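The working numbering applies: residue 1 is where the sequence shown begins, and numbers increase by one.
What follows is a set of notes on a single structure, which appears directly below.
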Amino acid sequence: MHLRSGTKQLDLNSPKIMGILNVTPDSFSDGGKFEQVDNALKQAIKMVEQGASIIDIGAESTRPGATAVSLDEELTRVMPIIEKISANINCWLSIDTSKAMVMKEAVLAGADIINDVRALRNKGALEIAVKENTPVCLMHMQDQTENMQVQAAPQNVLRNVKDFLLERIEACLEAGMQKSNIILDLGFGFGKSLEDNLTLLAHIKYFVALKYPILTGVSRKSMFGKLLNREINERLAGSLAGAMIAMQAGSQIIRVHDVQETVDVMRVLQAIKK
Ligand code: 8Y7
C-alpha cells in the first residue's frame, strides 16, 4: 500500500508516524507554543529527525468547545508555516482543515494530504480534493465539534462508524476521487464515550479489513484522562499503549504529539516482525 503526492511516495507497508504541529493559540495541548513560523519550522525539523514521516499542520482547533476560526485568520496562521516547511524540509505535509479554500491554498503551497475531521462535508471541500488529486483523510465524527460532547453515545459504535465511512467513501468515489487517495480514521474522542473509544481501539482490525489505510489519533486524548485519571501532560504512557495497539492491528498512520517515543514503540514492533 502506497500514498502518492506529485513525485513523492509514502510506503504504508510499515507504519508511519504523523507528528502534530499546532498553530492555534487556543489548541488544547500545544496552545500558543509554535505560533511563530521559525518555531514551527524548528519543531517540524525536530519531529522529522525523530522519525516522523508526515507533519500535520492545523490552525483551526478541533478540540471540543473551541471557538470557530475565520477563513482569513486560518489562512494567515497556517499558510506562512506550510510555505516555510515545504521549502525547507523533505517530508510529507498534511493540512488539518475543513475549509475548502484552506485546502486549496495549502495544497498549492505544497501540502500532500488533506486531513479533514469533517470528512469533506463542508461546501466545496470534496470538489477541491478531487480536482487537486490529493490524498485525504476521512474521519468519523458524530456531530459538529461545537456540540459533539453533548451527543448521546451511539448504540453500536462499530456499525455507526463503518456506515459513516462507507457513505463518505461512496461520495468521494462518485465525485471522481481515486480510491488510492482515501485514508480512513475512526475519529477517537470525537463525540464518543470512553466505552465507544475502547470498543473502537479493540476493533481496529475490523476497519483495516476495508482495505484503506487507517490513520489513528489517540495521542493525549481525554479517553486516557478518564480511564487512567491523568492530566493532559501525564498521558504519554496511555498514548503509547494506544499507539501500539493500533499499529499491531495494522493501522498504517499514527498521529501523535510525542514522536520520538512513538517511533521507539514502532521500532520494537518492527524488530519482532523480522
Ligand atoms: C484527530 C485529528 C484531531 C484524529 C485526525 C487532538 C485534527 C484533537 N484529532 N485528525 N485531529 N484524527 N485525522 O486531540 O484523531 O489532537 S484534533
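Where a beta carbon is used, it is the ideal one built from N, C-alpha and C, also for glycine.
Keep in mind the model is a prediction, meaning the values are calculated, not measured.
- Residues L184 of the same chain have their beta carbon placed closer than 7 Å to that of L210, with the five preceding and five following residues left out of the count.
- Rounded to whole angstroms, I114 and Q9 show a C-alpha spacing of 16 Å.
- When the beta-carbon positions are compared, I95 and A52 stay at least 8 Å from each other.
- Residue pairing by DSSP places S61 in no beta bridge whatsoever.
- With a threshold of 16 other beta carbon atoms within 10 Å, L228 falls short and is exposed.
- Note on geometry: alpha-carbon atoms of A271 and L200 lie some 26 Å from one another.
- With a cut-off of 7 Å, the C-beta of N181 is classified as distant from the ligand 8Y7, since no heavy atom of the ligand falls inside that distance.
- Excluding five sequence positions before and after L71, the CB atoms of its chain that fall closer than 8 Å to its own CB belong to K99, M101, V102, given in chain order.
- A residue is called buried when at least 16 other Cβ atoms come within 10 angstroms of its Cβ; G242 meets this threshold and is buried.
- A Cβ-Cβ distance of about 6 Å is found for the pair M141 and G191, placing them in contact under the 8 Å criterion.
- Residues of the same chain with a CB within less than 6 Å of the CB of E132, apart from the 5 flanking positions on each side, are V107 in chain order.
- Closer than 7 Å to some heavy atom of the ligand 8Y7: that does not describe the Cβ of R159.
- Between M177 and A129 the beta-carbon gap is near 6 Å, inside 8 Å, which marks them as a contact.
- Here D38 is exposed. Its C-beta has fewer than 16 other C-beta atoms within 10 Å.
- Residue burial annotation: I232 is exposed, with fewer than 16 other C-beta atoms found within 10 angstroms of its C-beta.
- Straight across, the Cα-Cα distance linking A59 with V268 is about 33 Å.
- In the assembly as shown, K104 is a buried residue. Its beta-carbon has 16 or more other beta-carbons within 10 Å.
- Between L215 and A171, the CB-CB gap reaches or exceeds 8 Å.
- Going by C-alpha positions, S239 is about 17 Å away from M47.
- For the set I82, Y206, T76, the Cα lying nearest the Cα of L158 is the one of Y206.
- Excluding five sequence positions before and after S86, the CB atoms of its chain that fall closer than 8 Å to its own CB belong to L93, A109, G110, A111, given in chain order.
- A check of alpha carbon separations from Q36 across A249, I253, V263, K84 identifies K84 as the nearest.
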